[in-house]
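Using the UniProt record's numbering, the letters of the sequence shown correspond one by one to residues 1 to 549. All C-beta atoms in this analysis are idealised placements derived from N, C-alpha and C, irrespective of residue type, glycine included. One structure is given below, encoded as structure tokens.
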Amino acid sequence: MSPDALYFLPLGGSGEIGMNLNLYHHAGKWLMVDLGVSFGDDAAPGVDVVMPDPEFIAERREDLAGLVLTHAHEDHLGAVQYLWTELRCPVYATPFTAAVLRAKLRETEFSGLVQIIEVPLSGRFQVGPFDIELISLTHSIPEPNALVIRTAGGTVLHTGDWKLDPDPRVGAPVDEAALIALGHQGVTALVCDSTNATVPGTSGSEGTVAVGLEELIGRYPGRRVAVACFATNVARLHSIAKAAAAHDRQVALVGRSLRRINEAARATGYLKDLPPFVTEHDVGYLPREAQVLICTGSQGEPRAALARIADGDHPEIDLEPGDVVVFSSREIPGNEKAIAKVQNGLIRRGIEVVTASDADVHVSGHPARDELAQMYQWVRPFLAVPVHGEQRHLKAHADLALECQVPRALVPENGVVIRIGPGEPEIIGTVPSGKLCLDGRRLVPLSGNLLRTRNRMVFNGAAVVTLVMDDTELLADPKLSVIGLLDGEEDALFIEGLVKGIGQAVDKLAEAERRDDAAVTEAARLAVRRTFHAAQGRKPVTEVHLVRV
């Protein structure tokens, strides 16, 4: 890698939505942009949080000049609390993002070690050889920033997440003048959000949602209304509170993450025109018709407030037949079943459910095609690098950029190294990349043997065999324990036959093989797996314990 050139390397967030980790290299130093997480699904049983594996840059941390966070969403900063000790670099963020990060770091043992450098909105600062300027955009959270990264090897506009919202409700609109001025100065590459690159038109405005929420709450006089939304959408909290006040209702926050975001927002100057929210403990003293509840759990998270309310086991909130729950959010792909479970639970309890299909209660926080085209018209880069999307999104984005007269477009994957400039941009190679997951309290590789074995156990069950032998003979019948495959007494005869079959498999071995621990354990293991495969079509994870006496 030439010290004079500028390189781009994503380790997370390219070819997928979530867990963003982007690296730039110039003059022997690295700059990291964002360090986020995504969340587990059925493919990783027992896993709640997934994040990029930072091994490549952790091995080079002495050359890591710093980490700049574009905004405070989990998929852009959520991994800092898990991975910072591998990096130990300063972290740069605007005030709201810094406040959210500090709250998360308070739960760690190293919060006092993290150097968080607050930078003002539209600020300009130096991180090693990287001259960075912030340009304010709009998104579904306060203070979303695009980064202008200037080096001797080229200038990049890294957008982070954004949209063009003429009425964002909280925060300023997009700094159009700064983007146009940047385009006149010359931009080598635009590294840009691709989430809605397949969606025609525009993403819609929070102002429209505010009107829709006020109209919707007015439809239900005498009925309690709960609204589920993303906790980080401070503009949505503001709109819900204003809509509630228009109908003489008070608002309670139900869920820890909502309270945390509210504290960060008020500490950094947002929501100043709203009275304090009611606590979930005190809201029960208000009449039903005077309540609006804002709840966590719009994605069906099983431990979030709304799921517990739907199950009837929330310690403070108990919705009743005739109450209304509004899902002021979109379904993140992969969460459909969990969301449907919560909605079905609510409907079963006689609660009315309203979604974005029924009313104007949500807009996306990411740019649709018309907004992407507008960005290209303003910035006019030489190279388009789509990120933050699955392959179908990245390809659609690249094609759109070329239609907008951008000379070159390169579609990255995690681990791909792109030389941005000077000269003709190109993919020059790859580096190792992967994913880690939080398994209980430890980080393990998502593709490692532990998760593979757990998946096999989920779908095929498990069996444990204990054999007691002298040098060559079984001294007792094999002991068999089976998990997730048999149904107690109904399968007693099957177990008896299987135990007998294990003993026969060992007895059939030649005398020399019976002296070989590996040969004995493999014979018993195969006897179990072949029997279950013949009877059930399953091959359980099988462990054999051999005790020599």
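Sequence-distant residues of the same chain with beta carbon closer than 6 Å to residue i, five excluded per side
{"i": "T155", "result": "V187 and T188"}
{"i": "A244", "result": "V251 and V292"}
{"i": "M32", "result": "L23 and L67"}
{"i": "L498", "result": "T531"}
{"i": "G218", "result": "H247"}
{"i": "Q115", "result": "P90"}
{"i": "V431", "result": "F56 and G415"}
Status (buried if at least 16 other CB within 10 Å, exposed otherwise) for residue i
{"i": "T85", "result": "exposed"}
{"i": "D323", "result": "buried"}
{"i": "N449", "result": "exposed"}
{"i": "P287", "result": "exposed"}
{"i": "A409", "result": "buried"}
{"i": "D34", "result": "buried"}
{"i": "Y285", "result": "exposed"}
{"i": "H73", "result": "buried"}
{"i": "P142", "result": "buried"}
{"i": "A535", "result": "exposed"}
{"i": "I347", "result": "exposed"}
{"i": "I428", "result": "exposed"}
{"i": "A98", "result": "buried"}
{"i": "R249", "result": "buried"}
Best match in the options for proximity to residue i [C-alpha to C-alpha]
{"i": "E413", "options": "K435, I420, E390 and R419", "result": "E390"}
{"i": "T108", "options": "G46, L475, L486 and R441", "result": "R441"}
{"i": "T279", "options": "L293, D273 and G269", "result": "L293"}
{"i": "V50", "options": "L486, L475, L438 and A398", "result": "L438"}
{"i": "L134", "options": "F8, N145, A243 and L31", "result": "N145"}
{"i": "G269", "options": "K395, L400 and T94", "result": "T94"}
{"i": "T198", "options": "P425, P367, N460 and I428", "result": "P367"}
{"i": "G201", "options": "I317, V387, F277 and A373", "result": "A373"}
{"i": "W378", "options": "A152, L182, L147 and V411", "result": "L182"}
{"i": "D318", "options": "R224, I418, R529 and M1", "result": "R224"}
{"i": "R548", "options": "A527, H281, A476 and V541", "result": "A476"}
{"i": "F327", "options": "P333, I483, G334 and Q343", "result": "Q343"}
{"i": "S364", "options": "A384, M375 and I332", "result": "I332"}
{"i": "P386", "options": "L400, V411 and E403", "result": "V411"}
{"i": "D517", "options": "T472, L179 and R266", "result": "T472"}
{"i": "C192", "options": "D491, H158 and A305", "result": "H158"}
{"i": "A228", "options": "L237, G222 and P221", "result": "L237"}
{"i": "V119", "options": "A265, F96 and E289", "result": "F96"}
{"i": "D4", "options": "S257, D370 and P129", "result": "P129"}
{"i": "Q81", "options": "V482, L443 and A492", "result": "L443"}
{"i": "K242", "options": "G537, K272, L190 and R303", "result": "K272"}
{"i": "R260", "options": "Q185, R249 and V234", "result": "V234"}
{"i": "E16", "options": "E511, G334 and R61", "result": "G334"}
{"i": "residue 621", "options": "E511, T466 and S140", "result": "Because residue 621 is not part of the residues shown, which for the chain are 1 to 549, the question remains open."}
{"i": "V100", "options": "D507, A401, A265 and A58", "result": "A265"}
Per DSSP, the bridge partner or partners of residue i
{"i": "G136", "result": "Note on residue identity: the sequence assigns Ser, not Gly, to residue 136. Paired residues: N145."}
{"i": "K337", "result": "Note: K337 sits in no beta bridge, so no partner."}
{"i": "C437", "result": "V50 and V444"}
{"i": "Y24", "result": "F8 and L31"}
{"i": "R106", "result": "Answer by DSSP bridge pairing: none, since R106 is not bridged."}
{"i": "I116", "result": "V91"}
{"i": "K163", "result": "T138"}
{"i": "V127", "result": "F130"}
{"i": "A409", "result": "A384"}
{"i": "V326", "result": "V227 and V354"}
{"i": "V468", "result": "V547"}
{"i": "residue 568", "result": "What is shown of the chain runs 1 to 549, which leaves residue 568 out entirely."}
{"i": "S38", "result": "V50"}
Residue i at chain D interface by Cβ criterion, 8 Å
{"i": "G36", "result": "Protein chain content of the structure displayed is limited to a single chain, and chain D is not contained in it."}
Residues near residue i by beta carbon distance below 8 Å, same chain, minus five either side
{"i": "P321", "result": "R349, G350 and I351"}
{"i": "R124", "result": "D131, I132, E133 and L134"}
{"i": "K435", "result": "G12, M19, V50, M51, P52, D53, P445, L446 and S447"}
{"i": "D175", "result": "S122, I135, S136 and L137"}
{"i": "P166", "result": "P173, S205 and G207"}
{"i": "H76", "result": "N20, D34, L35, G36, L69, T70, G160 and D161"}
{"i": "S111", "result": "R102 and L105"}
Presumed contact (8 Å Cβ cut-off) between residue i and residue j, rounded CB distance
{"i": "G503", "j": "L474", "result": "6 Å"}
{"i": "G153", "j": "G461", "result": "Incorrect: roughly 56 Å between the Cβ atoms, too far for contact."}
{"i": "V254", "j": "V361", "result": "Actually they are not in contact, since the Cβ atoms of V254 and V361 sit about 18 Å apart, beyond 8 Å."}
{"i": "L509", "j": "I495", "result": "L509 to I495, Cβ: 22 Å. No contact."}
Neighbourhood of residue i by C-beta, 7 Å cutoff - its chain only, sequence neighbours within 5 removed
{"i": "residue 584", "result": "With the chain represented from 1 up to 549, any question about residue 584 goes unanswered, as that position is not in the structure."}
{"i": "T453", "result": "V541"}
{"i": "A246", "result": "E214"}
{"i": "G501", "result": "A527 and T531"}
{"i": "R150", "result": "D131"}
{"i": "V127", "result": "L31, A65, G66, V68 and Y92"}
{"i": "K341", "result": "G300"}
The ligand HEM heavy atom lying under 7 Å from the CB of residue i
{"i": "T208", "result": "No copy of the ligand HEM occurs in the structure displayed, which carries no ligand at all."}
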